[in-house]
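So the sequence shown is numbered by the numbering used here: it starts at 149 and just counts up by one. Worksheet for the structure shown next.
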Amino acid sequence: MSTSQQPVTFKNSYILCISFISALGGYLFGFDFAVISGALPFLRVEFALNAWWEGFLTGSLALGCIVGCLMAGNLSDRYGRKPGLMLAALIFALSSLGMAFSSGLSIFVMMRFAAGVGVGMASMLSPMYIAEVSPASIRGRNVAINQLTIVIGILITNLVNYTLSDNGPEAWRWMFGLGAVPSLLFLLGVVWLPESPRWLIKEGRLEKAKAVLNKIGSSAYAQNIYNDIELSLRGGEKQSYRAVLAKGVRPAVIVGITLAVFQQLCGINVVFNYTSTIFESVGASLDRQLFETVAIGIVNLVFTLVAMWQVDKLGRRPLMLIGSLGLSVVYIILAFLLQSHAAAGIVSVFVLLAIAMYATSLAPVTWVLISEIFPNKIRGVASSIAIVSLWGAYFILVFTFPILAEKLGTYGPFYLYAGICLLGFLFVKSKVRETKGRTLEELEQDLVRH
Numbered sequence: 149m150s151t152s153q154q155p156v157t158f159k160n161s162y163i164l165c166i167s168f169i170s171a172l173g174g175y176l177f178g179f180d181f182a183v184i185s186g187a188l189p190f191l192r193v194e195f196a197l198n199a200w201w202e203g204f205l206t207g208s209l210a211l212g213c214i215v216g217c218l219m220a221g222n223l224s225d226r227y228g229r230k231p232g233l234m235l236a237a238l239i240f241a242l243s244s245l246g247m248a249f250s251s252g253l254s255i256f257v258m259m260r261f262a263a264g265v266g267v268g269m270a271s272m273l274s275p276m277y278i279a280e281v282s283p284a285s286i287r288g289r290n291v292a293i294n295q296l297t298i299v300i301g302i303l304i305t306n307l308v309n310y311t312l313s314d315n316g317p318e319a320w321r322w323m324f325g326l327g328a329v330p331s332l333l334f335l336l337g338v339v340w341l342p343e344s345p346r347w348l349i350k351e352g353r354l355e356k357a358k359a360v361l362n363k364i365g366s367s368a369y370a371q372n373i374y375n376d377i378e379l380s381l382r383g384g385e386k387q388s389y390r391a392v393l394a395k396g397v398r399p400a401v402i403v404g405i406t407l408a409v410f411q412q413l414c415g416i417n418v419v420f421n422y423t424s425t426i427f428e429s430v431g432a433s434l435d436r437q438l439f440e441t442v443a444i445g446i447v448n449l450v451f452t453l454v455a456m457w458q459v460d461k462l463g464r465r466p467l468m469l470i471g472s473l474g475l476s477v478v479y480i481i482l483a484f485l486l487q488s489h490a491a492a493g494i495v496s497v498f499v500l501l502a503i504a505m506y507a508t509s510l511a512p513v514t515w516v517l518i519s520e521i522f523p524n525k526i527r528g529v530a531s532s533i534a535i536v537s538l539w540g541a542y543f544i545l546v547f548t549f550p551i552l553a554e555k556l557g558t559y560g561p562f563y564l565y566a567g568i569c570l571l572g573f574l575f576v577k578s579k580v581r582e583t584k585g586r587t588l589e590e591l592e593q594d595l596v597r598h
């Protein structure tokens, strides 16, 4: 039987396995993202933090992430996706121990910045790698695995923080130091991963690329994907920031940057990072504040699973539209409840509803779209620009919240976030096309036609 007559099939279990290993980078993201929420009550005392320093300490992770993304774009295009993932894991392990043993605020902030470098690298490379090894029909689900590991990291970290909270004023050191464990497991897992076949073909390592594609699917599948990738790379210039500004790809770059910024400025990460501040404003005890972080982690996990189930069925665009409009409405109600000092239980219901909205839409789908919408020739550089924008927006969000809350009250910023979500809804409705079920090369051809 010739290759053209053979069935086009792929090895789902193998693809899932390598996707989960790559997505452990998301776990590191989730860990460092969540650990600050449980540690902040202790860090406020340890370092005598005012509103400015609380915001800067929290946001210093994002500044490191920006550097990590810029490094990852260049490293992944020059040396491959796999070495970049290994370096991210190593940086994260060392910085986790550095935060745990910090002797002062300056050292702690530097170590949190370094952790951000590792997180930033992983936040770009993990979803990009998964998109490049996944068949079109399951790509959305597989890239969403990265978001699943993020929320698992958040939930486990919140549970650990809650367990450690009674261990005295030094509990925060254990909270950060334990991050070295998943980092080393991630490093060991990445050693086993194959390199991205799309990167191998771009670098002219054709036989190795064919071997990887044959591991992923049947010989007919491997040949079809190989031909599509080779065609998409033919006659193009090397990746550079100038190529990202080319007229043909500019619309995709604008959409990617806007979605990345919207995912952060929608405001939900204030809920993740400042859970204790929000619930303290309505009179909740420290134990209740930390318990709420656990509840948030559970709801986040459950609704991320819903998103993974629906992203390749309902599609990317409908989920984004429902989530952005829903968040806008929930934020207005939440702001009113905080303003009127409602009971912590009622506030908790709407906080969890906001988390559910975000977890089924903006959280996973933004990463899926960023991994899909850029052409093969510029995917590394364009993804790094979009994700740098994401982390820049995250820094602005978490840095400004304590200052805005001090000036306007804890409720004030949520009216602002409601307006941003409404603008995001309008942007998605007018500018974002559906991408489900189409190969990366088909999406690239559609982009060129438009």
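For each residue, glycine too, the CB sits at the ideal point set by N, CA and C. Computed from a prediction, not measured in an experiment: that's the story for all the values here.
| Query | Result |
| --- | --- |
| For Thr-151, the three-state DSSP class (helix, strand or coil) | Note that Thr-151 scores a pLDDT of 46, beneath 50, so its modelled location is shaky; the value from the coordinates is reported in the next line. If DSSP states are grouped into helix, strand and coil, Thr-151 belongs with the helices. |
| Gly-474 (DSSP reduced to helix, strand or coil) | helix |
| Contact set for Phe-410: own chain, Cβ-Cβ below 6 Å, skip 5 residues either direction | Gly-572 |
| Residues that Phe-158 bridges to, as DSSP identifies them | Gly-365 |
| Residues of its chain near Phe-334, where Cβ-Cβ distance is below 6 Å and the 5 sequence neighbours each way are ignored | Leu-172, Ala-237 |
| Euclidean distance between Cα positions of Ile-183 and Asn-306 | In the sequence on display, residue 183 carries Val and not Ile. So the two alpha carbons sit approximately 7 Å from each other. |
| Own chain residues within Cβ distance below 6 Å of Ile-416, not counting five before or after | Tyr-506 |
| Pick from Thr-297, Asn-309, Gly-431 that is closest to His-489, judged by C-alpha positions | Gly-431 |
| Sequence-distant residues of its chain with Cβ nearer than 6 Å to Arg-321 (five each side left out) | Ala-248 |
| Asn-417, enclosing alpha helix (DSSP H) - first and last residue | 416-421 |
| Simplified DSSP state of Arg-226, which is helix, strand or coil | helix |
| Helix, strand or coil at Ile-286 according to DSSP, with G and I counted as helix | helix |
| Reduced DSSP secondary structure (H/G/I, E/B, other) of Asp-314 | coil |
| Nonlocal neighbours in the same chain, by C-beta distance under 8 Å from Leu-501, ignoring five residues either side | Val-478 |
| Own chain residues within Cβ distance below 7 Å of Thr-151, not counting five before or after | Unreliable placement is indicated for Thr-151, whose pLDDT of 46 sits below 50; no coordinate value is reported for it. |
| Other residues of its chain near Met-149: CB distance less than 6 Å, five sequence neighbours each side excluded | Any reading at Met-149 must be qualified, since the residue scores a pLDDT of 42, below 50, and its modelled position is unreliable; the value itself is stated next. If we look at Met-149 and ignore the five residues flanking it on each side, it has no Cβ neighbours. |
| Burial state of Glu-202 (16 or more Cβ within 10 Å) | buried |
| Gly-327 (DSSP reduced to helix, strand or coil) | coil |
| Residue from Ile-444, Ser-167, Gly-327, Leu-482 with nearest C-alpha to Ala-241 | Gly-327 |
| Buried versus exposed call for Ala-491 [16 or more other C-beta atoms within 10 Å across all chains shown] | exposed |
| Candidates Thr-297, Gly-221, Ser-433, Lys-350: closest to Phe-169 by CA position | Rather than Phe, the amino acid found at residue 169 in this sequence is Ile. Minimum Cα distance to Ile-169 is reached at Thr-297. |
| Candidates Asn-362, Ser-185, Val-339, of which the one nearest Tyr-162 by Cα | Asn-362 |
| Alpha-carbon spacing of Ile-481 relative to Leu-191, whole angstroms | 31 Å |
| When Phe-562, Val-418, Asp-460, Met-468 are compared against Ile-444, the one with the closest alpha-carbon | Val-418 |
| Cβ pair Ala-270, Leu-354 closer than 8 Å | no |
| CB of Thr-441 within 8 Å of CB of Gly-186, strictly | yes |
| Collapsed DSSP secondary structure at Phe-522 in the structure displayed | coil |
| Phe-195 versus Leu-253: straight-line alpha-carbon distance, rounded | 6 Å |
| Alpha-carbon to alpha-carbon, Val-403 and Gly-288 | 18 Å |
| Backbone secondary structure at Ala-196 - three-state DSSP | coil |
| Cα-Cα separation, Cys-569 to Ile-377 | 37 Å |
| Ser-224 versus Leu-348, Leu-485, Ser-509, Asn-294, residue with shortest Cα-Cα distance | Leu-348 |
| Endpoints, the alpha helix (DSSP H) within which Ser-578 is located | 560-579 |
| Inter-residue spacing [alpha-carbon to alpha-carbon] between Lys-555 and Phe-562 | 13 Å |
| Phe-262 vs Gly-212 beta-carbon contact at 8 Å | Correcting the residue identity first, residue 262 is Ala in this sequence and not Phe. Cβ distance < 8 Å, so Ala-262 and Gly-212 count as in contact. |
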